[in-house]
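Residue numbers (mature numbering (1 follows the signal peptide of the UniProt record, and there is no 0)): -18 to -1, 1 to 115.
Structural data, given as structure tokens:
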């Protein structure tokens, strides 16, 4: 009975510790059981409820449709073209990110709501609109 109780105790400890692998060994001389295991954790990344992810894809010398995001949102800028582009706000100092061809960058949107027109400094005919609300 003592051995069963020790085994159950060791097993409960292993389960409580969240082990993915466990084993129980018993010393025949003392009747003592020892539980061993390897605990694993899975990291999780949770964005705050008021934050959203957004992507701006530059392709075929175009920014595409207007993007609407919350204030302070991080936007992933992907340049699918082979040449460098910029995402430069016409509102001075609001945002300006340069992305080499085939690369990615990140920009943070302004914290003030509004419509922000932007363009590419290398290709001024490329224009877009960022709506922050």
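Glycine residues also receive a C-beta, built at the ideal position from the N, C-alpha and C atoms. From a predicted model like this one, the values you see are computed outputs, not experimental measurements.
- Bridge partners of residue 100 according to DSSP: 71, 110.
- Collapsing the DSSP output to three states places residue 47 in coil.
- Distance from the CA atom of residue 83 to the CA atom of residue 95, rounded to whole angstroms, is 30 Å.
- A direct Cα-to-Cα measurement between residue 54 and residue 43 gives close to 26 Å.
- Excluding the 5 residues flanking it on each side, residue 68 has same chain C-beta neighbours closer than 7 Å at 78, 79, 80, 102, 103, 104, in chain order.
- Between residue 57 and residue 41, the beta carbon gap of about 15 Å keeps them out of contact (Cβ cut-off 8 Å).
- Between residue 51 and the set 60, 63, 89, 107, the nearest pair of CA atoms involves 89.
- Straight-line spacing of the CA atoms in residue 109 and residue 100 works out to 6 Å.
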